[in-house]
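See structure below.
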Amino acid sequence: MSYAETPAGSGTPSGGLDEALLKSLFAQSAVGLLVLDPQLRLVRANSLVEGVGTEEYIGLRFTDAFRLDDPDGSEQLLKRVLAGEGPVREHLVRGRLRRVPGDRTFLVSAYRLDGPDGPDGPALGLLSAVVDVTERERARARETALAAVRDAVGGSLDVATTCRAFIDALVPGFADLAVIEVVDEVLRGADPPVGPLPPDTPLRCAASGRCDTVRGDTVVGGTVRGDEPGRIRPVGGTRHLPPRTPYALAVTDLRPRLVPLTADTSWLDTDPAGAHRLAETGAHSLIVVPLTLRGAVLGLVSLYRCGAAEPFDEEDVSLAGTAATRAALAIDNARRYEREHVIASTVQRRLLPQAERHQAAVETAHVLLPGRDSGCWFDTIALSGARTALVVGGVAGEGLQSAIAMGQLRTVVQALAGLDLEPEEVLARLKETADRLAHERAALPPSDSLHGEELRAGCVYGVYDPFTRTCTVARAGHPAPLIVGPDGQRITVDAPEGPGLFADDSALFAPTTVTLEEGSLLAFCTAELLADEHAEERITRTLARPGRSLQQLGDDIVYALPDDTRSAGAALLLARTGTVSDHRVATWDLAQERTTPATARLLVRDRLQGWGLDEDTVDSTELIVSELVTNAVRYGTPPLRLRLLLDTSLTCEVHDGSTASPHLRHARTVDEGGRGLFIVSRLAAHWGARHGPDGKVLWTEQDLPGAGTH
Numbered sequence: 006m007s008y009a010e011t012p013a014g015s016g017t018p019s020g021g022l023d024e025a026l027l028k029s030l031f032a033q034s035a036v037g038l039l040v041l042d043p044q045l046r047l048v049r050a051n052s053l054v055e056g057v058g059t060e061e062y063i064g065l066r067f068t069d070a071f072r073l074d075d076p077d078g079s080e081q082l083l084k085r086v087l088a089g090e091g092p093v094r095e096h097l098v099r100g101r102l103r104r105v106p107g108d109r110t111f112l113v114s115a116y117r118l119d120g121p122d123g124p125d126g127p128a129l130g131l132l133s134a135v136v137d138v139t140e141r142e143r144a145r146a147r148e149t150a151l152a153a154v155r156d157a158v159g160g161s162l163d164v165a166t167t168c169r170a171f172i173d174a175l176v177p178g179f180a181d182l183a184v185i186e187v188v189d190e191v192l193r194g195a196d197p198p199v200g201p202l203p204p205d206t207p208l209r210c211a212a213s214g215r216c217d218t219v220r221g222d223t224v225v226g227g228t229v230r231g232d233e234p235g236r237i238r239p240v241g242g243t244r245h246l247p248p249r250t251p252y253a254l255a256v257t258d259l260r261p262r263l264v265p266l267t268a269d270t271s272w273l274d275t276d277p278a279g280a281h282r283l284a285e286t287g288a289h290s291l292i293v294v295p296l297t298l299r300g301a302v303l304g305l306v307s308l309y310r311c312g313a314a315e316p317f318d319e320e321d322v323s324l325a326g327t328a329a330t331r332a333a334l335a336i337d338n339a340r341r342y343e344r345e346h347v348i349a350s351t352v353q354r355r356l357l358p359q360a361e362r363h364q365a366a367v368e369t370a371h372v373l374l375p376g377r378d379s380g381c382w383f384d385t386i387a388l389s390g391a392r393t394a395l396v397v398g399g400v401a402g403e404g405l406q407s408a409i410a411m412g413q414l415r416t417v418v419q420a421l422a423g424l425d426l427e428p429e430e431v432l433a434r435l436k437e438t439a440d441r442l443a444h445e446r447a448a449l450p451p452s453d454s455l456h457g458e459e460l461r462a463g464c465v466y467g468v469y470d471p472f473t474r475t476c477t478v479a480r481a482g483h484p485a486p487l488i489v490g491p492d493g494q495r496i497t498v499d500a501p502e503g504p505g506l507f508a509d510d511s512a513l514f515a516p517t518t519v520t521l522e523e524g525s526l527l528a529f530c531t532a533e534l535l536a537d538e539h540a541e542e543r544i545t546r547t548l549a550r551p552g553r554s555l556q557q558l559g560d561d562i563v564y565a566l567p568d569d570t571r572s573a574g575a576a577l578l579l580a581r582t583g584t585v586s587d588h589r590v591a592t593w594d595l596a597q598e599r600t601t602p603a604t605a606r607l608l609v610r611d612r613l614q615g616w617g618l619d620e621d622t623v624d625s626t627e628l629i630v631s632e633l634v635t636n637a638v639r640y641g642t643p644p645l646r647l648r649l650l651l652d653t654s655l656t657c658e659v660h661d662g663s664t665a666s667p668h669l670r671h672a673r674t675v676d677e678g679g680r681g682l683f684i685v686s687r688l689a690a691h692w693g694a695r696h697g698p699d700g701k702v703l704w705t706e707q708d709l710p711g712a713g714t715h
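Residues in the sequence shown are numbered consecutively from 6, following my numbering.
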């Protein structure tokens, strides 16, 4: 840098003009000006900060005068300017002045002062312009912190996740330590109490965070989680707010507090343990903000600054209040969702089987994973002829409405199963019901929140017959069951996928039948359990483990699930196939003759007495069999077959080749016939007819005294 010479005859010496120019520039400049020698020592400076003279800085190295956070980096930068590598413009540095408390932020520009030899010669020094942009950077930091809160908070409907996001948004950019405590009942979905908060109300620490390292007296970025030394509140712990403290006052008058923390702070004596933990952190400035919404108190936010960090000011209190309002709204939304989720989960569990049901030839176990999905269900339904229906389904979505829709569909499935329909017929009629439910929802007023909400559901329905050892499966927009044989090998179930229950598709449902060995394992899963490409292999590999009970296998499948699956919720129904013991079954082929009913009565009496049944049951069964066989002889076609099955109840089945079904009639007093099925309906607990490709079966079930002993 050089100055133009004064023209001859001007009367003003060049050196005097230079001095006057420098004096005026340094006195009137709006920015701090520094002249550094080649050793980066201050040789001239104007007033950098109001009230601080320049004399105390003269002779000091630049990095000593400003005590920068990164002195080595700044010094290397200035040396490159001295070496002629070009000027530095508006370089942001952070540090502190020697006698001014608090962190400062400076915008530094540096230019080389060339000597007589110009740029190729040694430099005379540096000219540096320094602008204190501390307030500007603080305002920018506040805006950044508030933007981080807006971006991070409110995207989750989980209270803990919301609180964790709030802490991460403020630490370390705005605070060195942060704690958010929520009223314990609010975490469980209860309505928050109206302020002021009663002093005996427990608050639970939902999240806390602090800067991870301290170097010298400067806090460096990053946050840690857990209960490390230096953490003020352990996450998950509860406390009652100590009286006569800023914490208690903030939830009493619902106003934030800006509190300096010193060794002489008297209110710390009310909580010695907390005061000790606070002293370990080096905290010197505190903001306490109540989490309030419409006059109700959800919790409390405590923000701290430590070490050499600048104390909080009133602008920071304003920001903390705005951020806390955002957090309170998000926590309340999460609380409302949590309450609805609890209600939906309760409804779901009440609508599902409350215990494993005994089946004649199938052992079953289930696992229901709680989560967002409240519309999944499972069922095992005892059918006539020792058969068992295995059902798993799901209504997409979460909340109470999904649980209600699930209960409606499950009830319909149970009713249809009692009609002895084939699996594809059950799903076809179930879809008809689903279509009616969808039309009802579409007819709701536009103002109703359910009006535009789409309904989606799927179901898989299988029937296992222990006498033929077959499982017939049909599915509606739902995964097929996974089957593993007793040898550990997977058995493919090639069941075509029919349309979803609420889909517009009107395609037919097609069943598939698989023959199984005794001891085969079937896994009926909701779609959440089969979300990844390795899920089927993982489940079948688990099912192939020998020597494990069904419940243990179900637990093993859950243990291997990815974390996100467990949070979604799912249902798993496991079944191990068996057969009916020969000594509990009696089957006779009968002739199509008028004397056959009498023969059937004798055969039945002999068998039931051999089983040790009481005389009343024997007499009732004789009459039932006589009526059923008589009906088959008169109106049916060969072949005629009678079967008795003893389990927790006594089942009688009469098969003939006709597809015509009898109907229950209420005969008049003068009628000579028409009372057969009426008598049967009075003697049996349940009765019905099922059809197959080779005819029909009329069946009855009778309750047995002391059935649990058989």
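Built from N, CA and C at the ideal position, the CB exists for glycine as well.
Here the stretch 323-335 makes no contact with the stretch 548-559; the two share fewer than three CB pairs at distances below 8 Å. A contact is defined here as three or more CB-CB pairs under 8 Å, and the stretch 626-640 fails this definition with respect to the stretch 575-587.
Taking C-beta atoms under 8 Å as the contact rule, residue 291 and residue 264 qualify, at a distance of about 4 Å. Taken in chain order, the unbroken stretches of beta strand (DSSP E) that lie wholly in the stretch 248-309 and span 3 residues or more are 262-265, 288-298.
Straight through space, the alpha carbons of residue 277 and residue 353 are spaced by roughly 47 Å. Within the stretch 593-677, the runs of alpha helix (DSSP H) that reach at least 4 residues and sit entirely inside it are, in chain order, 601-615, 620-640.
Between residue 460 and residue 447, the CB-CB gap reaches or exceeds 7 Å. Straight through space, the alpha carbons of residue 706 and residue 687 are spaced by roughly 11 Å. Ranking 167, 308, 110, 207 by CA distance to the CA of residue 145 puts 110 first. By the Cβ rule, the stretch 122-133 counts as touching the stretch 30-50, because three or more pairs are nearer than 8 Å. Taking C-beta atoms under 8 Å as the contact rule, residue 527 and residue 476 qualify, at a distance of about 7 Å. By the neighbour-count criterion, in which a residue is buried when 16 or more other Cβ atoms sit within 10 angstroms of its Cβ, residue 602 is buried. In this structure, the straight-line span from the alpha carbon of residue 191 to that of residue 340 is close to 7 Å. Around the beta carbon of residue 683, fewer than 16 other beta carbons lie within 10 angstroms, which makes this residue exposed. Contact check between the stretch 622-633 and the stretch 654-666: three or more CB pairs, one atom from each, fall below 8 Å, which counts as touching. The count of Cβ pairs closer than 8 Å, one atom from the stretch 112-121 and one from the stretch 86-97, reaches three, so the stretches are in contact.
Counting C-beta atoms within 10 angstroms of its own C-beta, residue 488 has 16 or more neighbours from the protein chains shown and is therefore classed as buried. Our two residues, residue 245 and residue 237, have alpha carbons roughly 15 Å apart in a direct line. In the pairwise beta carbon analysis, the stretch 285-300 is classified as touching the stretch 238-257: at least three pairs are separated by under 8 Å. The three-state secondary structure of residue 539, taken from DSSP, is coil.
Residue burial annotation: residue 533 is buried, with at least 16 other C-beta atoms found within 10 angstroms of its C-beta. The beta-carbon separation of residue 135 and residue 37, rounded to 4 Å, stays under the 8 Å limit for a contact. Comparing alpha carbon positions, the residue from 698, 473, 467 closest to residue 484 is 467.
Look at residue 532 here: in three-state DSSP terms it is helix. In this structure, DSSP gives residue 112 an extended state, which the three-state scheme calls strand. Annotation for residue 470: the continuous beta strand (DSSP E) segment containing it runs 462-470.
For secondary structure counted as the beta strand (DSSP E) over 3 or more consecutive residues, the stretch 61-147 holds these complete runs in sequence order: 93-100, 109-120, 123-137. Only buried fits residue 428, as 16 or more other CB atoms lie within 10 angstroms of its CB.
Ranked by Cα distance from residue 494, the first of 119, 548, 455, 449 is 548. Under DSSP, residue 213 forms a beta bridge with 184. Measuring C-alpha to C-alpha distances from residue 362 to each of 596, 101, 580 identifies 580 as the nearest. Residue pairing by DSSP places residue 479 opposite 466 in a beta bridge.
Assigned with DSSP and collapsed to three states, residue 336 falls in helix.
Measuring C-alpha to C-alpha distances from residue 502 to each of 482, 665, 373, 508 identifies 482 as the nearest. CA-to-CA, the gap between residue 299 and residue 384 works out to about 45 Å. Residue 546 has its alpha-carbon roughly 57 Å from the corresponding atom of residue 75.
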